[in-house]
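There are 2 protein chains.
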Amino acid sequence: MTTSPEALTADELQDVWPILSRDERAEGFTFLPADDADDFFLSLSTRDQAELLMELREGARRRWVRLLPPDDAADLVQEMEPEDRVAVVDLLDPVTRREVSALLAYEEDEAGGLMSPRFARVRREMTVDEAITYLRRQARRRLETIYYAYVLDAEQRLQGVVSFRELFAAPGDRPIHEVMETELVTVPEHMDQEALSLILAEMDLLALPVLDAQGRMKGIVTIDDVVDVVQEEATEDIQKAGGMEALDAPYFDVGLADMVRKRGVWLVVLFISEMLTATAMAHFQDEIARAVVLATFVPLMISSGGNTGSQASTLVIRAMALGEVRLRDWWRVVRREFATGLALGIILAVIGFVRILVWQMVGHMYGPHYMLVAIVVALSLVGIVLWGTVTGSMLPLVLRRLGLDPANSSAPFVATLVDVTGLVIYFSIARMLLGGTLL
Amino acid sequence: MTTSPEALTADELQDVWPILSRDERAEGFTFLPADDADDFFLSLSTRDQAELLMELREGARRRWVRLLPPDDAADLVQEMEPEDRVAVVDLLDPVTRREVSALLAYEEDEAGGLMSPRFARVRREMTVDEAITYLRRQARRRLETIYYAYVLDAEQRLQGVVSFRELFAAPGDRPIHEVMETELVTVPEHMDQEALSLILAEMDLLALPVLDAQGRMKGIVTIDDVVDVVQEEATEDIQKAGGMEALDAPYFDVGLADMVRKRGVWLVVLFISEMLTATAMAHFQDEIARAVVLATFVPLMISSGGNTGSQASTLVIRAMALGEVRLRDWWRVVRREFATGLALGIILAVIGFVRILVWQMVGHMYGPHYMLVAIVVALSLVGIVLWGTVTGSMLPLVLRRLGLDPANSSAPFVATLVDVTGLVIYFSIARMLLGGTLL
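So the protein lines, in turn, are chains A and B. For the first sequence, this note's numbering gives the first residue as 595, with consecutive numbering after it. For the second sequence, this note's numbering gives the first residue as 595, with consecutive numbering after it.
Right, here's the structure in full:
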């Protein structure tokens, strides 16, 4: 690095941001022109905003924290160390402070934790012209986003909703209650964000009203919050599919110790389970000693089971996350996966069979009983692939049934499970067919 | 099924939809009350809409196709068989027909293919009050979504943008050019949808203007389209991570033959590559014959390499998809993964070492040279895990460098690659350390 942070423009600062220390970030940020600094601050991740804020002087901290709408401010407070939280909430103006405190009562990953309390309100007896004038007054004060105006009664219960497009298109003298939609999609305040994102995407809505148990409207969850949620949930699912705990942070932001822990825990569990293969192999030690040729196919056998199992579990986990496959579909899944697994097993068996015959013709590698060896390999492949496919597809459903996250039946986990049973299938078939000849 | 489709309500029809034939779907749909049918049709996936439409009579078909805004109509036409497309486009009213034809010139997965041509326009010299009146007139005619009004000059070039919130909050007599934002984020019409979704999510914008090569504004891509894109791309990445081609359709909608093909192609490739393990094992046949105990650890060795490789590749692929890791970061990734792999390797080595000693104490399984065997296993684990981690993390970067999709370096692919090299590492270390004793 030849440039010092204070000489940087917003674009340059953004480029070097990941490799700067906390003080360097604060220093670079402090030297940005006011206009750029606003945009820069808003474009940072909540985590970076929180870190940066704690490096700034109190006056500056107040200015930046007040730039955030209440839902983002609440997220930011949740990112901070518990001992810093109260001080930051106290920097807010009284109205926002009340809003943020209410939002902090919710979990981060439920509807209440995602919602904004600043939605547009109208009354049912207003005309369209009056409503538009009233909304312009609300916008001047505090209103985060405008897609829908919500029609509330005196008890804050939701009676209807009118989109801005409909409001704009309607004649100015019609009363709101004639324009509003009364078939409403609402969500309860404690609904999980993953369920929420599926509803928003499915319904093609831009915002969903959040109601408390008494039916009072508390806020709106908007689709731009949900895009982040969808990315986040997909990242979690992909990382779990890779056989590790979700990182919950960008790759380079995770410290080495944390990285080793998040990956190591699963690896150790898999390693200890996989030790069963050594036990299984030891069990068939005599067969291996008599026919070493059997041992040479062990990696091929177990990887075939592992690969088909990974495919099936990945497919079913994702289909469940998207709501395409539900628990009650389990029997349809079994039938489909049985047929698919059988077809895949036969394809691999034919290739394996031909491969042994060809190698035998070229190099006479497999001795006089090569045909029997080829048959053992082919039959084992059918059995192992079929077993891998059915196990891989059922495991996510079993986990869901037990109330666990199906994403935990990751590819490596399924592969490990299928490895041990694959060995048993392979050596059992060998024992049956080769007894008296090779064994 | 005891009920016939015509007796169903919209909710019931939705529930049984997946298991109905095409005619049954059309029959059930035709019997819905008009209001429910509208919502029902709009809630269907584009694929289902296209199938349903072809089952209906021409008069009905016209009614439903005209319900769709131009971007959705274009998606629908793209789902149809090429020979049906012209007939469906001809059902549209002339203005929409022209819009849809323009959209059909774009690829489905680029900005032009996602955008809507119906955006809100204002002129820079209008006052805020005039702009609101003008927008109300546009809304009455044709306007799909309202978040931003775009300020265009006579050549349709974009000069600025004003959000509805700002428009509502501004005094009525101020001219638009004083209210509008002139620092614009725009995208070119051929930008890929994945890049687009990252920009929208990062910038927290609700819509992005799409410009052609001459800088003329052609349409807007809205965030609700992007939510679908994000889900779609995540599904593709997850399915590729599971070692298969992306399905491009919901699980139960894929026919058995298609399912076998999409999974079989990769499985066969992996199977044929994995045959190298049989060759490698054959190469070490003498060692195995002399010390069968070595063979018993083969599955444990190769699965450890495979699991660590899967973790590393999954992590890097996802980080690249989210823009957290770029090609030029490769050296930082190598250093991180080297350190992580070393730590993970040592952890597994210690567990493996202790396991052999304990089993030896309990059952005397490993003979007089058990200590040497334990050392071979431990050293091999460090080497294999380190190698798996570095290979797994580098492969996605190498694929990107070659212009290929990093997601193709899936967990099973990495595992297969690491299996063969893992065997070579293991048996080479065994040869070195056990020569003269066990071997």
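Ideal placement from N, C-alpha and C gives every residue a C-beta, glycine not left out. On a predicted model such as this, the values are computed, not experimentally measured, just so you know.
For residue i, which residues of its own chain have a beta-carbon under 8 angstroms away from its beta-carbon, when the five flanking residues on both sides are left out?
i	result
Gly836 of chain B	Ser1004, Ala1005 and Pro1006
Phe634 of chain B	Ala604, Leu607, Gln608, Phe623 and Leu626
Met774 of chain A	Arg718, Val745, Gln753, Gly754, Val755 and Val756
Val927 of chain A	Val910, Val919, Ser987, Met988 and Leu991
Ala795 of chain B	Val820 and Val824
Could you name the residues of chain B that residue i contacts, counting a contact when the two beta carbons are closer than 7 angstroms?
i	result
Tyr845 of chain A	Leu909, Ala913, Glu918 and Val919
Ser904 of chain A	Gly836, Gly837, Ala1005 and Pro1006
Glu677 of chain A	Residues of chain B passing the Cβ test: none, with the nearest at roughly 29 angstroms.
Leu938 of chain A	Val854, Arg857, Gly858 and Leu861
Met869 of chain A	Leu894 and Arg949
Met1038 of chain A	Because chain A is modelled from 595 through 1033, residue 1038 of chain A falls outside the range shown and cannot be assessed.
Residues of chain A with a CB under 8 angstroms from the CB of residue i: which are they?
i	result
Met853 of chain B	Arg930 and Thr934
Arg734 of chain B	Phe762 and Ala763
Val821 of chain B	Ser791, Leu794, Ala795, Ile817, Val820, Val821 and Val824
Met988 of chain B	By Cβ distance, chain A contributes nothing, its closest Cβ being about 14 angstroms from Met988 of chain B, past 8 angstroms.
Once you ignore the five residues that flank residue i on each side, which residues in its own chain have a CB closer than 7 angstroms to its CB?
i	result
Ser974 of chain A	Met895, Ile1019, Tyr1020 and Ile1023
Met709 of chain B	Asp665, Val804, Lys812, Gly813, Ile814 and Val815
Val1008 of chain B	Gly903, Ser904, Ser907, Thr985, Gly986 and Leu989
Thr1010 of chain A	Leu864, Ser867 and Glu868
Thr871 of chain A	Asp1013, Val1014 and Leu1017
Leu942 of chain A	Ser898, Leu975 and Val979
Lys834 of chain B	Ala840, Ala1001, Asn1002 and Ser1004
Rounded to whole angstroms, how far is the Cβ of residue i from the Cβ of residue j, which I believe are closer than 8 angstroms?
i	j	result
Val820 of chain A	Ser791 of chain A	5 angstroms
Val683 of chain B	Arg691 of chain B	6 angstroms
Ile969 of chain A	Tyr960 of chain A	Actually they do not touch by this definition, with Cβ atoms about 12 angstroms apart.
Gly900 of chain A	Asp1013 of chain A	6 angstroms
Pro663 of chain A	Phe846 of chain A	Not confirmed; about 28 angstroms, so no contact.
Ala1034 of chain A	Met674 of chain A	Nothing can be reported for residue 1034 of chain A, as the shown portion of chain A is limited to 595 through 1033.
Give the straight-line distance between the Cα atoms of residue i and residue j, rounded to the nearest whole angstrom.
i	j	result
Thr1015 of chain B	Glu704 of chain B	40 angstroms
Val659 of chain A	Val910 of chain A	43 angstroms
Val863 of chain A	Ile945 of chain B	11 angstroms
Met595 of chain B	Ser898 of chain B	Below a pLDDT of 50, predicted positions are generally treated as unreliable, and Met595 of chain B, at 42, falls in that range; the measurement from the model is reported next regardless. The straight-line gap from Cα to Cα measures roughly 50 angstroms.
Leu647 of chain A	Arg655 of chain A	6 angstroms
Thr597 of chain A	Pro1000 of chain A	Here Thr597 of chain A scores only 49 on pLDDT, less than 50, and its place in the model is too uncertain to base an answer on.
His784 of chain B	Tyr700 of chain B	8 angstroms
Asp842 of chain A	Gly977 of chain A	39 angstroms
Ile726 of chain B	Asp642 of chain B	38 angstroms
Ala763 of chain A	Asp923 of chain A	44 angstroms
Phe947 of chain B	Ile940 of chain B	10 angstroms
Val886 of chain A	Ala883 of chain B	6 angstroms
Glu827 of chain A	Thr829 of chain B	11 angstroms
Asp822 of chain A	Leu916 of chain A	16 angstroms
Gln808 of chain B	Glu749 of chain B	10 angstroms
Phe891 of chain A	Phe878 of chain A	14 angstroms
Val671 of chain A	Arg1025 of chain B	59 angstroms
Met853 of chain A	Phe932 of chain B	12 angstroms
Spatial neighbours of residue i within its chain, please: C-beta separation below 6 angstroms, excluding the five flanking residues on both sides.
i	result
Ala780 of chain B	A small fix is needed here, since residue 780 of chain B is Thr in this sequence, not Ala. Here the set comprises Pro803 and Leu805.
Tyr964 of chain B	Gln954
Residue i versus chain A: which residues are under 9 angstroms apart at the beta carbon?
i	result
Leu800 of chain B	Thr739, Tyr741, Leu800, Thr816, Ile817 and Asp818
Ile941 of chain B	Val854, Gly858, Leu861, Val862 and Phe865
Thr1010 of chain B	Ser897 and Asn901
Gln879 of chain B	Val886, Val887, Ala889 and Thr890
So which residues on chain B does residue i lean against when the C-beta distance must stay under 8 angstroms?
i	result
Thr780 of chain A	Neighbours of Thr780 of chain A on chain B: none; closest Cβ ~16 angstroms, over 8 angstroms.
Ile945 of chain A	Val862, Phe865 and Ile866
Met774 of chain A	Correct list: empty, because the minimum Cβ distance to chain B is about 15 angstroms.
Ala883 of chain A	Ala883 and Val886
Gln750 of chain A	Those do not exist, as Gln750 of chain A stays about 23 angstroms from chain B at its closest Cβ, beyond 8 angstroms.
At a CB-CB cut-off below 7 angstroms, which residues of chain A make contact with residue i?
i	result
Asp901 of chain B	One point to set straight first is that residue 901 of chain B is Asn, not Asp, in the sequence displayed. Simply Gly837, Leu861, Leu864 and Pro1006.
Leu729 of chain B	Phe762
Ile969 of chain B	Under the 7 angstroms cutoff, chain A gives no residues; its nearest Cβ is about 16 angstroms from Ile969 of chain B.
Tell me whether residue i counts as near the ligand MN, meaning its Cβ is closer than 8 angstroms to at least one heavy atom of that ligand.
i	result
Val910 of chain A	Ligands displayed in this structure: none; no statement on the ligand MN is therefore possible.
Can you pull the chain B neighbours of residue i, defined as C-beta to C-beta under 9 angstroms?
i	result
Phe891 of chain A	Thr871, Ala872 and Met875
Could you name each continuous alpha helix (DSSP H) segment of 4 residues or more that falls completely within the region 632-713 of chain A, going from the start of the chain to the end?
Segments of the alpha helix (DSSP H) lying fully in the region 632-713 of chain A: 640-649, 652-659, 664-673, 676-684, 688-698 and 705-708.
Whole alpha helix (DSSP H) runs in the region 1002-1031 of chain B with 4 or more residues, listed along the chain?
Listed in chain order, the complete alpha helix (DSSP H) runs (minimum 4 residues) inside the region 1002-1031 of chain B are 1005-1028.
Whole alpha helix (DSSP H) runs in the region 875-925 of chain A with 4 or more residues, listed along the chain?
Every alpha helix (DSSP H) of 4 residues or more that sits fully in the region 875-925 of chain A is shown, in chain order, as 879-884, 886-890 and 892-915.
I'd like the ranges of any beta strand (DSSP E) spanning at least 3 consecutive residues and lying wholly in the region 752-787 of chain B.
For the region 752-787 of chain B, the full-length beta strand (DSSP E) segments reaching 3 residues or more read 752-757 along the chain.
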